[in-house]
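Chains as they are written, first to last, in the UniProt record's numbering: chain A, 1 to 133; chain B, 1 to 300. What follows is a single structure, written as structure tokens, with notes after it.
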Amino acid sequence: MAKLHVGFVSPERELWSGEADMVIAKTVEGEIGILPNHAPVLGVLVEGGVLRVKRDGELDLVAAVHGGFISVANNEVAVLAEAAELGSEVDVEATKDALQRAQASIEAGQAGADARLEAKRAAARLRAAGEEV
Amino acid sequence: MGAQLRLLRRRIKSVKSTAKITRAQELIASSRIVKAQQRMQAAVPYEREITNAVSAVLSNSTTVDHPLMAAKEQPASAGVLIVTSDRGFCGGFNANILREAEALKGHLTERGLTMKPFVAGRKGLTWHRFRGREMVGEWDGSSDNPAYSDAKEMADALIGSFTDDNGIDEIHIVYTEFVSMLTQRVVVKRILPLEVQEEAEEAAEGPVPYYEFEPDAGEVLDSLLPRYVESRIYNALLQSAASEHAARRRAMKSATDNANELIGVFTRQMNQARQAEITQEISEIVGGANALADAAAGKE
């Protein structure tokens, strides 16, 4: 079966690149799963989404993606994240803490868009790290 | 000890300590160039992908009409992002940038546009403040190690002013391109209205496939173009940072060389002075001894 060539990049570095069987990302329209020989697509990713790359014989690559794009053409998948973290790089304790603080300030009713964004991002990071949120 | 000798010793001591400082600066700059180059390399994949994505959208939708791409019929003012360094000690780095910015200002004035400076880097800020020039945007503190968020901040300000009816109608950027360790070049680029640079190799790959868009081409372009501008600015900041370190290394190297040469000259002068002093002392002693001997001979 044909393979997908995936490049997962953020402005500051290339997070991962290699071959994969399936890529699942969350666009503003909903989840999108890319299998080999998918039609060319260019989608806008949501803030605080989780990217999952299924690989042969290896654990899935999971990452938190904060906005960006996914572009698919000729079995080449490019994930352009505005900011991203691999699940394996997430500091779970610190992120849980950040999530709680953000949620507390939202519940207090005084939180602006910043806290909401922070909560969304923290939740995505935790999901990427394999935690239940 | 003669006064001249003491003076020269003091000069040598001070030049030596200067040489130590410039040598240290040179070594620091050398190690930072390597890091800055790595950061430039790390940013390449994103830039390539986003350029591909933009050209994919543009080649797929025939009716592209986006505010960031439309050239205004009667442009009245142009924003210019001038990327300078925060610290000095880097030779002609900032002077070259500012000279080029002045030249650009001349060109714009010829076309009937007023220039609105957006300045990054402390050296550029002081240059403008000293001349009483008004600046629309000011940023400092990150010239030697720019983060993507810095580029985003600048891009937001520029795009905000561009889309505002009373704001600027064009955006140019003046920065130093890092060609190699030895060559850096000041370049002036227009970033808005947008002209996507399609790379020559893309043309060889044949026609761009027909894309589907999520949600649709217009909205993808809406969020894609600002990111593209951000990535262009980020690239300029990274290039400028690497160039700054390279310029500093070169300036500090020639400063160290000059100091060492000066030490050589002073050491020779000092030796000469010491030798002259010794010769004088000997001739004084000999003269004195002769005088004593003559006096003793006169008594007999």
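Backbone N, C-alpha and C define an ideal beta-carbon position, used for all residues, glycine too.
Within 10 Å of its beta-carbon, does E82/A have 16 or more other beta-carbons around it, so buried, or fewer, so exposed?
buried
Using only CA atoms, which one of V65/A, I32/A, V77/A lies nearest to V52/B?
Strictly speaking, residue 52/B in this sequence is Asn, with Val absent from that position. The candidate whose alpha carbon is nearest that of N52/B is V77/A.
Going along the chain, which unbroken runs of the beta strand (DSSP E) with 3 or more residues stay wholly within the stretch 52-132 of chain A?
61-65, 68-73, 76-81, 84-86
K3/A versus E12/A, A128/A, E14/A, H38/A, residue with shortest Cα-Cα distance:
H38/A
Can you tell which of G67/A, A108/A, K120/A has its C-alpha closest to the C-alpha of K96/A?
K120/A
Identify each residue in the stretch 115-132 of chain B for which the Cβ-Cβ distance to at least one residue of chain A is less than 7 Å, and report them in chain order.
none
Continuous alpha helix (DSSP H) stretch holding I12/B: start and end
3-60
Less than 8 Å separating the beta-carbons of V9/A and Y46/B?
yes
Can you list, in chain order, the residues of its chain with a C-beta nearer than 7 Å to that of G121/B? Leave out the 5 residues immediately preceding and following it.
V83, T84, S85, D86, D140, S143
Candidates D156/B, L262/B, Q280/B: which alpha carbon is nearest I12/B's?
L262/B
List the residues of chain A whose Cβ lies closer than 9 Å to the Cβ of P215/B, in chain order.
T27, V28, E29, G43, V44
Would a check of beta-carbon distances place P11/A closer than 8 Å to chain B?
yes
Strictly below 8 Å CB to CB, what residues from chain A border residue 333/B?
What is shown of chain B runs 1 to 300, which leaves residue 333/B out entirely.
Tell me where the alpha helix (DSSP H) around F266/B begins and ends.
217-299
Chain B partners of E82/A, CB-CB under 9 Å?
Y148, K152, R227, E230
Alpha carbon of E49/B to alpha carbon of L80/A, nearest angstrom:
7 Å
I32/A at chain B interface by Cβ criterion, 8 Å
yes
Kindly confirm or deny that the stretch 178-186 of chain B and the stretch 22-29 of chain B touch, where touching means at least three C-beta pairs closer than 8 Å.
no
Count the CB pairs spanning the stretch 70-84 of chain B and the stretch 166-174 of chain B that are closer than 8 Å, and state whether there are at least three.
yes
Exposure label - H107/B; buried when at least 16 CB within 10 Å
exposed
Going straight from the alpha carbon of A36/B to that of I70/A, what length do you get?
28 Å
Out of I34/A, G49/A, M22/A, E31/A, which one is the CA nearest neighbour of A124/A?
G49/A
Quick check on R248/B: buried or exposed, where buried means 16 or more other Cβ atoms within 10 Å of its Cβ?
buried
Residue of L15/A, W16/A, L45/A, E131/A minimising C-alpha distance to residue 304/B
Past the edges of chain B, shown from 1 to 300, lies residue 304/B, and the structure says nothing about it.
L192/B - partner residues in DSSP beta bridges:
I171/B
Which residue marks the beginning of the alpha helix (DSSP H) containing E110/B, and which one marks its end?
93-110
What does the Cβ neighbour count give for S240/B, buried or exposed, with the cut at 16 atoms within 10 Å?
buried
In the DSSP assignment, find the beta strand (DSSP E) that holds L125/B and state where it starts and stops.
Segment 122-130 is the alpha helix (DSSP H) holding L125/B; no beta strand (DSSP E) there.
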